[in-house]
Amino acid sequence: MIETEGLTRRFGNITAVDELSLRVGRGEVFGFLGPNGAGKTTTVRMLCCLISSSGGRARIGDYEIDAPKDRQEIRRTVGLLTENVGLYEELSAYDNLDFYGRLYRLTEAQRKERIEYFLRMLELWEKKDLSVVTFSKGMKQKLAIARALIHDPQVLFLDEPTANLDPEASKTVRDFILELKKENRTIFLNTHMLDEAERVCDRVGILKTKLIAVGTPDEFRRTLSERKIEIQLESVNDAVLAAVKRVGPKSVESSGNKLLVGVGDPERENPGIIEAISEAGGRIQFVTEVGSTLEDLYLKLVKG
Ligand SMILES: Nc1ncnc2c1ncn2[C@@H]1O[C@H](COP(=O)(O)OP(=O)(O)OP(=O)(O)O)[C@@H](O)[C@H]1O
Ligand SMILES: [Mg+2]
175 MIETEGLTRR FGNITAVDEL SLRVGRGEVF GFLGPNGAGK TTTVRMLCCL
225 ISSSGGRARI GDYEIDAPKD RQEIRRTVGL LTENVGLYEE LSAYDNLDFY
275 GRLYRLTEAQ RKERIEYFLR MLELWEKKDL SVVTFSKGMK QKLAIARALI
325 HDPQVLFLDE PTANLDPEAS KTVRDFILEL KKENRTIFLN THMLDEAERV
375 CDRVGILKTK LIAVGTPDEF RRTLSERKIE IQLESVNDAV LAAVKRVGPK
425 SVESSGNKLL VGVGDPEREN PGIIEAISEA GGRIQFVTEV GSTLEDLYLK
475 LVKG
């Protein structure tokens with residue numbers, strides 16, 4: 175559904191996106207990860223025909239992004255949630271969506287049906303008549319997503335949709351993304367959060383001007399040779415610490431009543447570590463895996 179080949183964008187003498195080649199299938203949720211300034215937003219802006227490319231090519235379905243005759247079709251096919259949400263603060267939630275629906279020349283019946291559908295789905299229906307100026311950040315973000323979907327696009331680009339949202343609002347947005355996937359829409363999600371990508375994405379690409387890696391979240395996890403386990407005890411003492419070290423994990427750090435243990439294969443190594451702690455008189459309260467952060471993964475991939 176999305177296909178790029180050597181897609182490049184330069185701004186003056188800096189290259190923001192360098193020779194990006196990528197395929198995203200219909201109905202796929204693709205996560206685009208990368209540090210600040212990696213070129214994620216620039217890529218999305220090229221794919222939505224908001225800026226032109228400096229080289230290479232890209233297609234959305236059967237349409238070429240740099241063919242002037244295809245731009246109109248691409249705009250109809252894609253929906254975009256940008257970093258600045260683009261809502262009219264003085265209008266109500268309903269009227270914002272109605273306005274954008276008109277821009278896309280939807281009929282009155284279509285607008286009514288879709289606005290109600292999305293506002294209910296995003297739990298904003300009760301607030302439909304309030305002006306957006308009274309909305310919290312999370313409510314605005316949800317409304318902005320509805321706005322990006324009002325013309326029923328097949329491909330949805332979401333540029334950091336959960337940035338600045340509280341956990342509950344983030345979850346609503348993630349659940350919504352999964353609903354959209356069920357409708358067989360293609361979703362391209364820019365994010366900094368690996369855990370978010372893991373929860374919703376079928377595949378993930380890591381960009382730092384160039385595409386460094388692409389794979390499923392599982393494949394990425396497997397490339398990390400070390401995973402971190404946090405063990406919380408009633409208290410940590412030297413005997414417990416020494417016992418854990420004797421089992422031979424890759425690393426052990428202690429802080430307060432917690433141990434952070436780096437292991438290669440937790441399913442195999444954890445039981446031994448836990449036994450050793452008990453035998454040394456340690457009383458375990460919690461054992462949790464600490465999610466691998468984008469940073470861990472990213473540094474690993476760049477170094478490796
Ligand atoms: N209009 C522009 N003019 C000049 N440079 C630009 C422009 N837009 C982006 N850039 C540069 O291109 C690079 C990539 O920026 P981009 O916004 O695509 O990164 P990003 O991956 O979205 O980062 P973030 O995670 O911070 O949103 C940066 O070095 C940025 O300064
Ligand atoms: Mg960005």
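Quick note: the sequence shown uses our numbering, first residue 175, plus one each step.
Note that the Cβ used here is the ideal one computed from N, Cα and C, for glycine as well.
- Placement of the Cβ of Pro209 at a distance of less than 8 Å from at least one heavy atom of ligand 1 is found.
- Per the C-alpha coordinates, the member of Val418, Lys311, Gly230, Ile234 positioned closest to Glu257 is Lys311.
- The C-beta distance from Leu434 to Glu393 rounds to 25 Å, too long to fall under 8 Å, and the pair is not in contact.
- Note on geometry: alpha-carbon atoms of Gln284 and Val198 lie some 29 Å from one another.
- Look at Tyr291 here: in three-state DSSP terms it is helix.
- Using a 10 angstroms sphere on the CB of Glu353, the tally of other CB atoms stays under 16, which defines it as exposed.
- The way I'd put it, the region 453-461 does touch the region 407-427; three or more beta-carbon pairs between them come closer than 8 Å.
- Leaving aside the five residues that flank Tyr237 on each side, the residues in its chain whose CB is nearer than 6 Å to its CB run, in chain order, Asp244, Glu247, Ile248.
- At a threshold of 8 Å, Asn338 does not count as near ligand 2, since its beta carbon sits no closer than that to any of the ligand's heavy atoms.
- In the displayed model, Asp412 falls within a helix according to three-state DSSP.
- The beta carbon of Leu254 lies closer than 6 Å to those of Cys222, Ala322, Phe331 in the same chain, with the five residues before and after it left out.
- Between the alpha carbons of Arg420 and Ala454 lies a gap of roughly 11 Å.
- For Phe460, the enclosing beta strand (DSSP E) stretches over residues 458-464.
- Within the same chain, and ignoring the five residues on either side of Leu298 in sequence, the residues whose Cβ sits closer than 7 Å to its Cβ are Ala267, Met313, Lys316, Leu317.
- DSSP places Asn364 in the strand class (E or B) of the three-state scheme.
- Counting only heavy atoms of ligand 2, the residues whose C-beta sits closer than 7 Å to one of them are, along the chain, Lys214, Thr215, Glu257, Asp333, Glu334, Asn364.
- The beta carbon of Phe273 sits closer than 8 Å to the beta carbons of Tyr262, Leu265 from its chain, once the five residues preceding and following it are set aside; these are given in chain order.
- Excluding sequence positions up to five before and after Asp376, its CB lies within less than 6 Å of the CB of Glu202, Val203, all in the same chain and listed in chain order.
- Using a Cβ distance threshold of 9 Å, Glu193 and Gly205 do not count as a contacting pair.
- For Val252, DSSP records a beta bridge to Val329.
- Contact between the region 329-347 and the region 298-307 is absent, with fewer than three C-beta pairs closer than 8 Å.
- At least one heavy atom of ligand 1 lies less than 8 Å from the C-beta of Phe185.
- Ranked by Cα distance from Ser195, the first of Arg231, Val218, Ile451 is Arg231.
- Inter-residue distance for Ser227 and Thr189 is about 11 Å (C-alpha atoms, whole angstroms).
- When secondary structure is reduced to three states using DSSP, Leu296 falls in the coil class, being assigned neither helix nor strand.
- DSSP, reduced to helix, strand and coil, places Ala387 within a strand of the structure shown.
- The Cβ atoms of Ala371 and Leu381 lie no closer than 9 Å to each other.
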